[in-house]
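Enquirer: Here it is, the structure, as structure tokens.
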Amino acid sequence: MLQYPQIDPVALALGPFKIHWYGLMYVIGFAAAWGLARARRGRVGLSQDAVGDLIFFGALGVVLGGRLGYALFYGFDKLLADPVWIFKVWDGGMSFHGGLLGVLIAMLVFARRHQLTFFQLTDFIAPMVPIGLGAGRLGNFINQELPGRITDVSWGMVYPLYGPEPRHPSQLYQFALEGVALFAILWFASREPRQKGLISGLFLLCYGSFRFITEFFRQPDFQLGFIAFDWLTMGQLLSLPMVLFGLLLMAWSRGQDVAQPPLPRAS
-19 MLQYPQIDPV ALALGPFKIH WYGLMYVIGF AAAWGLARAR RGRVGLSQDA VGDLIFFGAL
41 GVVLGGRLGY ALFYGFDKLL ADPVWIFKVW DGGMSFHGGL LGVLIAMLVF ARRHQLTFFQ
101 LTDFIAPMVP IGLGAGRLGN FINQELPGRI TDVSWGMVYP LYGPEPRHPS QLYQFALEGV
161 ALFAILWFAS REPRQKGLIS GLFLLCYGSF RFITEFFRQP DFQLGFIAFD WLTMGQLLSL
221 PMVLFGLLLM AWSRGQDVAQ PPLPRAS
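Residue 99 in my numbering sits at position 119 of the sequence shown, and the numbers go up by one each step.
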């Protein structure tokens, strides 16, 4: 049995001004995406300024989509009772699946503005996403959010906020799979140009599968519990379409041409 390491969620306090580790994880994710996008921008012919715009569009999609998705998928009753609650971001509550939908909408707009096809752009950004996902899971761990289920395994961890019973450190499981493993898979697969849609489909398939698996070790959302069969969680329910669409997209990509880098554009 392990003890939670008692990490202060506040990374830096300057009087009343506090910087939380969770917020820094968003900064790390976007900064890493910006750096990787700059390094690979020649693959889609983006200028350095356009890369900055891309990250801005992505950030809007993550924040707006993540908050709206959480309200619809995990807090709909609360939203109906108090519609203003959706703007109270300081109360917490972000949904990956909502953030994903927000980013896809943002990428659709960005692709049209920069004369790119939708899958050309999503294939480009997919390998950059897992760093932010992994950083976010570390933020959950630091905040003692999204705890694991009670367990008797030797590496079970006691979280002070959830009683004396050891629990799966499910945030670290998700960090390892959604962050480290997913990044390694996508980065390796995208080393060379691939058929249009292949990397996007691989992202959906792998993330959906990893999330479905790790949900078995994570405590169901307290306000929802199990959705069906005394084992299916909302996270699993939302991940199943990702797995299915990922498989279909990868199958469709087999009939597509291999993407070729466009002619260089002005920086």
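Even for Gly, the Cβ is constructed at its ideal location relative to N, Cα and C. Computed from a prediction, not measured in an experiment: that's the story for all the values here.
Roughly how many whole angstroms lie between the Cα atoms of Asp57 and Gly46?
Expert: 17 angstroms
Enquirer: Taking the straight line between their C-alpha atoms, what separation do you get for Ser75 and Pro(-11)?
Expert: 20 angstroms
Enquirer: Just curious, the alpha helix (DSSP H) that Phe99 is in, first and last residue?
Expert: 98 to 105
Enquirer: Under a three-way DSSP split, which group does Gly25 fall into?
Expert: coil
Enquirer: If contact is defined by three or more beta carbon pairs under 8 angstroms, each pair taking one atom from either stretch, is the segment 91 to 110 in contact with the segment 24 to 31?
Expert: yes
Enquirer: DSSP state of Lys58, grouped into three classes?
Expert: helix
Enquirer: Measure the CB-CB distance between Asn175 and Val109 and report whether it falls below 8 angstroms.
Expert: According to the sequence provided, residue 175 is Gln. The question's Asn does not apply to it. No, these two residues do not count as a Cβ contact at 8 angstroms.
Enquirer: Do you know whose CA, among Leu59, Leu34, Leu44, Pro(-4), lies nearest Gln203's CA?
Expert: Leu59
Enquirer: Three Cβ pairs or more, each shorter than 8 angstroms: is that satisfied between the segment 208 to 218 and the segment 160 to 167?
Expert: no
Enquirer: Can you check whether the CB of Phe37 is closer than 8 angstroms to the CB of Phe313?
Expert: This structure does not reach residue 313, given that the chain is present from -19 up to 247, and the question cannot be answered.
Enquirer: Just checking my contact of Leu126 with Gly159 at CB under 8 angstroms: how many whole Å lie between their CB atoms?
Expert: Contact flag wrong, Cβ pair sits at about 14 angstroms.
Enquirer: Against chain B, does Tyr142 count as a neighbour if the rule is that its beta carbon must be under 8 angstroms from one of theirs?
Expert: As a matter of chain content, chain B is missing from the structure shown, which is built from one protein chain.
Enquirer: Quick check: the segment 76 to 88 against the segment -4 to 14, are at least 3 beta-carbon pairs closer than 8 angstroms?
Expert: no
Enquirer: On the three-state DSSP scale, how would you describe Gln175?
Expert: strand
Enquirer: Less than 6 angstroms between C-beta atoms, sequence neighbours within five positions excluded: which residues of the same chain meet that for Leu26?
Expert: Correct list: empty, nothing qualifies.
Enquirer: Nearest to Pro173 by alpha carbon, out of Asp62, Gln236, Thr194?
Expert: Per the Cα distances, Gln236.
Enquirer: Hey, could you find the ends of the alpha helix (DSSP H) Arg76 is sitting in?
Expert: One point to set straight first is that residue 76 is Phe, not Arg, in the sequence displayed. Taken as a continuous stretch (DSSP letters only), the alpha helix (DSSP H) holding Phe76 covers 76 to 93.
Enquirer: For the putative contact between Met5 and Ala115, defined by C-beta atoms under 8 angstroms, what is the C-beta separation to the nearest angstrom?
Expert: 4 angstroms
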